[in-house]
Amino acid sequence: MARTWTMADASAAGLRRRSLALLLLLLVAAGHAVAGASGIRVDPIRLPSSAAFREAPAFRNGDECPPPGSPEGRVDVAMTLDANYLRGTMAAVFSILQHTACPESPDPLARSAPRSRTWNQRHRFDPSRVRGRISRSVRHALDQPLNYARIYLADTLPAGVRRVIYLDSDVVVVDDVRKLWSVDLEGHVVAAPEYCHANFTKYFTDAFWSDADLSATFRGRRPCYFNTGVMVMDVAKWRLGGYTRRVEEWMAVQKRKRIYHLGSLPPFLLVLAGDIKAVDHRWNQHGLGGDNMEGKCRSLHPGPISLLHWSGKGKPWLRLDSRKPCTVDYLWAPYDLYKAAATALEE
Ligand SMILES: *[C@@H]1O[C@H](CO)[C@@H](O)[C@H](O)[C@H]1NC(C)=O
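Residues -35 to -1, 1 to 312 in mature numbering (1 follows the signal peptide of the UniProt record, and there is no 0) are what the sequence shown lists, from first letter to last.
Now the structure itself:
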C-alpha cells in the first residue's frame, strides 16, 4: 500500500481480485427549477453536448476478476454535475476506469450503449430543494445549489445501494478505486482524509465560537477539517441517522446568524468533524485549483497520491483552454476526452 499505483501496475495488482461493477450515479442539476417538483426526481435526462467527447477505449477485466455482476464486486460511485462540470466528470470517470483492475460494468445500460459513456444512472437534482437554504459565501461559485446535492445523495440513491463513494467532478483517480471502496468505516457514517493540523477555528465565525450553545456541538469530539469532495458514505446509516436533516438544520442556523464563511463544507463539519473514519491523505490531494479568492497555482504536497483534486477557484480545463495552465494541470490533461481540446493540442 506504500506506493502510488500507475496504470501499468494496476493491472498486475496483487490485491484481492474482485470484479468491479462500477456503477456511476450522477446527480444532474436541471438548469432551472422544476415547477411543482418536490425533491429529487429520478427520471433520466440527457446531458447537453455529450457528442463533444471522444469515446474512451474499451476496458476489459483481468482474467482473475469474477464475472461482472457479482454483488460483492460492486463499486458505486456518485458524482454531481451540470453542463459546466461535464468535462471534468468525463475525465474523472476515465481515470477511474484506467486505474482499476476490473473495470467492466455489468450494468445492462452499459453493455447496450457505447462503452464508457453511458454506463451510469442519472438522477436529476432539483435545485429548488436547497435554494432557499443557501447563504452567500466568500466565493459565489460555492453557493451553487449543485454543491449541496451531496447532502441528498442518500435520499436519491436506489434502496439497494448501501455504500457509495462520492467524488467531486474536478478529480482524477490514479489508483484502484476498489482500495478506497473497501475501507472499514468502523461504525462511522463517512470516511475521508482528515487534517488535524489545519486550523479548524477559522472555518467558523466569532459569532459561532462565542455562542456557548452552538459551539457545544463539538463537545466530546476532537473536530478536524476534512474535505467533502471525496467521501465514502454508509448510505444506510446516513438515512437512519437523519444526517440530511442534521446538515440542513445547520444551514438554517447560518441563515439566521452568520456562523461560517464557506459554502457547503462547514455544515458537514458541524455534523461530522471528529466523527469520521480517517483514510490516508493520498486519497485527496486537494487544493490544486488554488485558493478560493485568487486561484493561484499550487504544487503537489509530498507523499504518495491516489487521487488529485482541483478544489479551489481554478479548474484545469479552463486554465488549459486559456493557455495559462498551472504545472499540476498537465496531470489532468491526459484524461480529458473533450474533442475541442484534442484539436487544440494538435494545432
Ligand atoms: C486559528 O485561526 C483563528 C481565527 O482565524 C486565529 O484567531 C488563531 O490564532 C489561529 N490559531 C492558530 C494556532 O494559528
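Idealized CB from N, CA, C, for every residue including glycine.
Only a predicted model underlies this, so the values are computations on that prediction, with no experimental measurement involved.
Taking C-alpha positions only, N26 is separated from L118 by approximately 29 angstroms. The Cβ atoms of G255 and K278 sit closer than 7 angstroms to each other. Within 6 angstroms of the C-beta of T166 there is at least one heavy atom belonging to ligand 1. Closest in alpha carbon position to Q250, among L283, V154, W297, is W297. Separation of K220 and E213 (C-alpha to C-alpha, rounded to the nearest whole angstrom) is 11 angstroms.
Look at H153 here: in three-state DSSP terms it is coil, with no helix or strand label.
One Cα belongs to V40, the other to V155, and the distance between them is close to 16 angstroms. Nearest C-alpha to M198 among L145, V95, C161: L145. Counting along the chain, T166 sits inside no beta strand (DSSP E), nor does DSSP assign it H or E at all. Our two residues, G185 and D178, have alpha carbons roughly 14 angstroms apart in a direct line. Less than 7 angstroms separates the beta-carbon of K222 from that of A172. Contact check between the region 226 to 233 and the region 134 to 142: fewer than three CB pairs, one atom from each, fall below 8 angstroms, which does not count as touching.
Inter-residue distance for R94 and F165 is about 29 angstroms (C-alpha atoms, whole angstroms). Inclusion of R52 and Y303 in the CB contact set at 7 angstroms is warranted, their separation being smaller than that value.
In the three-state reduction of the DSSP assignment, Q250 falls in the strand class. Residue environment analysis places H274 among the buried positions, since at least 16 neighbouring C-beta atoms fall within 10 angstroms of its C-beta. Distance from S134 to M44 at the Cβ level is roughly 6 angstroms; contact confirmed, criterion being Cβ atoms closer than 8 angstroms. Rounded to the nearest whole angstrom, the CA to CA distance from T193 to P32 is 33 angstroms. Excluding its 5 nearest sequence neighbours in each direction, P281 has C-beta neighbours in its own chain below 6 angstroms: W275, D294, W297, listed in chain order. Counting of Cβ neighbours within 10 angstroms places S271 among the buried residues, the total reaching 16 or more. As the crow flies, the alpha-carbon of R204 is around 7 angstroms from that of D120.
Each of E159, Y160, L235 was checked against the Cα of F183, and the nearest Cα belongs to L235.
For M55, the enclosing alpha helix (DSSP H) starts and ends at 51 to 64. With contacts defined by Cβ atoms closer than 7 angstroms, A157 and M216 do not form a contacting pair. Residue nearest to Y113 within the set R210, C30, A163, R19 is R210 (criterion: CA-CA distance).
Sequence-distant Cβ neighbours of A163 in its own chain, meaning closer than 8 angstroms and more than five residues away, are C189, Y190.
Per the coordinates, the alpha-carbon of A17 lies some 11 angstroms from the alpha-carbon of M55. The Cβ atoms of I116 and V42 do not sit closer than 7 angstroms to each other. Apart from sequence neighbours up to five positions away, the residues of its chain that approach I61 with a beta-carbon distance below 6 angstroms are V138, V142, ordered along the chain. With respect to the C-alpha of R128, the residue from V218, A201, S35 having the closest C-alpha is A201. When only Cα atoms are considered, F59 and V244 end up about 23 angstroms apart.
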